[in-house]
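For reference, the structure is listed below as structure tokens.
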Amino acid sequence: MELEKLDLREIQLPLVQPFETSFGRTYHRRILIVRAFDKSGAVGYGECTAPEDPFFNHETIDTAWYITTKFISRLLSDAKVDRAEDVNAALERIRGHRMAKAGVETAIWDLEARLAGLPLWKHLGGTQTLINSGVSIGLQASVEALQEKVAKEVEAGYQRIKLKIKPGQDVELTAAIRAKYPEIMLSVDANSAYRLDDIDVMRELDKYNLLMIEQPLQPGDLVDHAKLQREIKTAVCLDESITTLTDTQQALELGSGKIINIKLGRVGGHTEARAIQDYCADRNIPVWCGGMLESGIGRAHNIAMSTHRGFTLPGDVSASKRYWEEDIITPPVEVSGKGTITVPEGVGFGYEVNEPRIESLVVRREEVQL
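Under this note's numbering, the first residue of the sequence shown carries the number 64, and numbering increases by one thereafter.
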């Protein structure tokens with residue numbers, strides 16, 4: 064592989080319906096699509112999952128664009144990277160900005176798999192050919208509206224239901240869904256909305272036989288997460304707290320949680336994601352794939368990541384139609400009535416990119432020679 068250039072395009076993709084978390088409400092996604100070109104003419108695709116605002120973490124699509132064009136491109140050129148697994152090391156001097164790095168790193172992995180004539184998941188060393196799928200349901204206007212949403216997803220066959228919560232919209236919602244569905248795999252996701260002082264709320268949630276309480280406290284509060292985990296039987300799952308393998312090692316040593324959510328963008332790409340899941344699998348710590356309202360390109364990369372042995376819990380890789388009227392890949396990602404996704408066998412990430420669709424959505428672009 065001999066890298067020639069990076070091509071960045073921002074598209075704006077409207078959601079089928081708004082998605083609300085403790086951070087706020089999202090109506091459409093500004094998405095950074097990255098293409099990595101080889102001098103042979105081959106091309107690989109990645110997606111930077113940085114959001115519009117710096118509320119999930121410090122990154123935004125605009126900071127990612129700047130870091131990619133001004134620093135990532137230069138470091139890749141200087142290092143003369145010719146293997147996807149070397150991208151992480153080449154970009155190590157850049158502190159943080161994991162989502163910016165991931166947008167490029169995943170594109171290069173896809174490029175390398177295409178050059179090798181292999182499905183990306185096989186090139187990465189994945190083994191699972193069927194992915195178990197769950198859904199994440201945003202905050203709703205009422206308990207009745209939430210029940211209606213959950214009913215639709217349960218009927219569709221999704222294997223795990225995750226409810227977004229925040230202070231004032233937590234125990235009542237959880238109790239209502241658990242009462243109606245006593246047997247479903249149910250979890251809640253706080254997106255760092257609580258503090259250790261809210262432990263009474265966590266103890267109340269502990270009564271509802273949840274799979275996990277995801278990221279209840281602030282990302283940097285590994286000590287407080289450990290204190291919380293000792294006080295409740297429900298597994299604490301860490302999301303925003305985990306950006307590297309080192310974070311994972313420290314969190315598990317402290318006892319800060321029992322489950323790890325791996326988001327490809329948040330950890331910087333496939334190389335770090337694979338290392339984290341290997342470390343967890345060797346210690347019988349379940350991991351699963353979290354979502355960032357990805358388009359089909361990011362969704363396809365999530366599927367490839369989820370084929371690794373450590374991904375034992377249903378992830379957030381759900382059907383394209385839940386989010387987009389028309390995705391940017393064909394066919395769109397589909398979930399069976401049993402809540403599973405069949406891993407594609409095509410070369411690279413396994414789906415066709417709908418270039419005319421992307422071009423119709425582009426609002427800015429930039430090309431950087433390497």
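Note that beta-carbon positions come from the ideal geometry of N, C-alpha and C, so glycine has one too.
Just so it is clear, the structure is predicted and the values come from calculations on it, not from any experiment.
For residue i, the three-state DSSP class (helix, strand or coil)
i: R223; result: coil
i: Y342; result: helix
i: W387; result: coil
i: Q232; result: strand
i: D116; result: coil
i: I289; result: Note on identity: in this sequence residue 289 is Ala, with Ile being the wrong assignment. Three-state result, A289: helix.
i: R88; result: strand
i: S313; result: In the sequence under discussion, the amino acid at residue 313 is Gln, which differs from the Ser named in the question. In this structure, Q313 counts as helix in the three-state DSSP scheme.
i: G411; result: strand
i: E155; result: coil
i: Q80; result: strand
i: E216; result: helix
i: E335; result: helix
i: E455; result: Nothing can be reported for residue 455: it is not among the residues displayed for the chain, which extend from 64 to 433.
i: E277; result: strand
i: I200; result: strand
Residue interval of the beta strand (DSSP E) (run including residue i)
i: E110; result: 106 to 111
i: L301; result: 299 to 301
i: V251; result: 249 to 252
Beta-bridge partners of residue i, as assigned by DSSP
i: E430; result: D70
i: P394; result: In DSSP, P394 forms no bridge with anything.
i: N195; result: T403
i: V416; result: I392
i: Q75; result: R93
i: V350; result: I323, F374
i: R98; result: D70, Y108
i: V425; result: I74
i: P182; result: G411
Local Cβ density within 10 Å of residue i, reported as buried at 16 or more and exposed below that
i: Y90; result: exposed
i: R92; result: buried
i: K215; result: exposed
i: R385; result: buried
i: I286; result: One point to set straight first is that residue 286 is Val, not Ile, in the sequence displayed. Answer is exposed; the Cβ neighbour count stays below 16.
i: G180; result: exposed
i: E422; result: exposed
i: P81; result: exposed
Nearest-angstrom Cβ-Cβ length linking residue i and residue j, presumed shorter than 8 Å
i: T307; j: E277; result: T307 to E277, Cβ: 19 Å. No contact.
i: A113; j: M162; result: 4 Å
i: Y244; j: V398; result: Not confirmed; about 18 Å, so no contact.
i: V406; j: T169; result: With 8 Å as the limit, V406 and T169 do not qualify as a contact, their Cβ atoms being about 16 Å apart.
i: V213; j: I228; result: Contact doesn't hold; Cβ gap of about 14 Å is too wide.
i: V79; j: S196; result: So it is not a contact: roughly 17 Å between Cβ atoms.
i: V299; j: G320; result: 4 Å
i: R258; j: L280; result: 6 Å
i: V106; j: I135; result: Not quite, the Cβ-Cβ distance comes to about 17 Å (not below 8 Å), so this is no contact.
i: F412; j: Y129; result: F412 to Y129, Cβ: 26 Å. No contact.
N-terminal and C-terminal residue of the alpha helix (DSSP H) that residue i is part of
i: Y129; result: 124 to 130
i: R146; result: Here R146 belongs to no alpha helix (DSSP H), and DSSP marks it neither H nor E.
i: M368; result: 359 to 368
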